[in-house]
Each structure stands twice: as C-alpha cells, then as structure tokens.
Amino acid sequence: MNYRIETMITREKVEERIRELAKEIEKDYQDREEEVIFLGLLKGSVMFLSDLMKEIDLDLKIDFMSVSSYGSGTTTSGVVKILKDTDFDIKGKNLLIVEDIIDSGLTLNYVKEFLYAKGAAEIKICTLLDKPERRKVDLKGDYIGFTIPDAFVVGYGLDYDQKYRNLPYIGTVVFEEN
C-alpha cells in the first residue's frame, strides 16, 4: 500500500508549544519541596522529553519505562506489555509521565495503575498529542501539547512501523489506493 506524509504541525509550532508547556510545568512544580521524576515512555517520548527538559529550570530526575501495545499496524492491540520497568524506587514519589500521544488511553491507563500499585504518591501526565475522539477509558492529560483529530500521525518520536520518528514535525500518514 502506498502512502505519503503530510505536515500537520510544523517544527516551529512544536518547538513553541514545548516552551509553553515547560513554563506551565515549571510554574506548577517550582515551589514543591519533594522531587519530581520525569518518566518517559519509550520509544516515542524521547524527542519530546529531551526538548521539554531543556526548557525546564527545576531539579528533576529522569527515568524511563518501555511498554508495548502496538503491533506493526496503525491501531492498538489492546494488550499492554511492560518491556522495561522504572530504575528508581517510585514509592512515595511524584511522577510526571511524559508521553508522545494519548490515543485510546488504554496503555497509559494501565501504566498509571501499575505505577500507583508500586506506591507512587502522585502521577501527572504530559503528552505532546492528544486524540480524545479515540479514548476508550476516562483518562486526561494534565499538560497537553496539541489536541488532534483521529488521524495516524508520525514524526517527533512517533513512528509507523519504526520509521519516521526522526521527523522534526508532526505528519499525517495518508494512505493511497493503487
């Protein structure tokens, strides 16, 4: 099947919104005495987390989890697997999950429940993209970069069959009939 990538959100808009999100997060966490752990969900959050952290002037720690719920297609499989757990002991800690996209919410909801079961004190969510039309569970982000329609998107960490993560913008995959 042939397809093309069309720009949905330009590099400049992504960079500007990340700076705005960083200011919001910094403001919300600056007066807290307890540390916050930024928890990136691999692999999609890497570019977003990296750029977000550069804009935040806070004492923070970083950790990663790797979870999987997508196969090689364009929709979630619905089965969540923890491929890599946190390195830090998160009991009693405040976490900010940094995610590339909230789609159905199934994966993120599972991760959130998993982390609370491990003793996290507070969990907030920062996502670059939010697709509320696709939500299957009651889950909302605390910091949202862009709310987008139900389209299959790539770039800025998001992939299609492990490709296009390195695009510096958000693009829509448009499938063409032969």
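Residue numbering for the sequence shown follows the UniProt record's numbering, beginning at 1 and increasing consecutively. The beta carbon of each residue, even a glycine, is placed where N, CA and C say it ideally should be. None of these values were measured; they are calculated from a predicted model.
With Met8 as the anchor, note down where its beta strand (DSSP E) starts and where it stops. Looking at the DSSP string, the run of the beta strand (DSSP E) that includes Met8 is 2-9.
Once DSSP output is grouped into helix, strand and coil, what is the label at Thr86? Secondary structure at Thr86: coil, using DSSP grouped into helix, strand and coil.
Keeping to the same chain, check which residues put their C-beta closer than 8 angstroms to that of Gly157; ignore five residues upstream and five downstream. Hits under 8 angstroms: Lys43, Gly44, Ser45, Val46, Met47, Phe48, Asp100, Leu128, Arg165.
In the region 47-71, which residue ranges form an unbroken beta strand (DSSP E) of at least 3 residues, counting only runs that do not cross its ends? 60-70
Leaving out five residues before and five after Leu115 in sequence, what residues of the same chain have Cβ atoms less than 7 angstroms from its Cβ? Ile90, Leu95, Ile123
Are the Cβ atoms of Glu136 and Leu108 separated by less than 8 angstroms? Just to set this straight, residue 136 is Lys in the shown sequence, not Glu. Contact: no.
Name the one or two DSSP bridge partners that Asn94 has. Val36, Glu122
Going by beta carbon distance, what residues of the same chain come within less than 8 angstroms of Glu35, once the five residues before and after it are set aside? Asp59, Leu60, Lys61, Lys93, Asn94
The alpha helix (DSSP H) spanning Val173 covers which residue range? Where Val173 is concerned, there is no enclosing alpha helix (DSSP H), although the beta strand (DSSP E) it sits in stretches over 170-176.
If we ignore side chains and look at the alpha-carbon of each, how far apart do Ile102 and Glu176 end up? 26 angstroms
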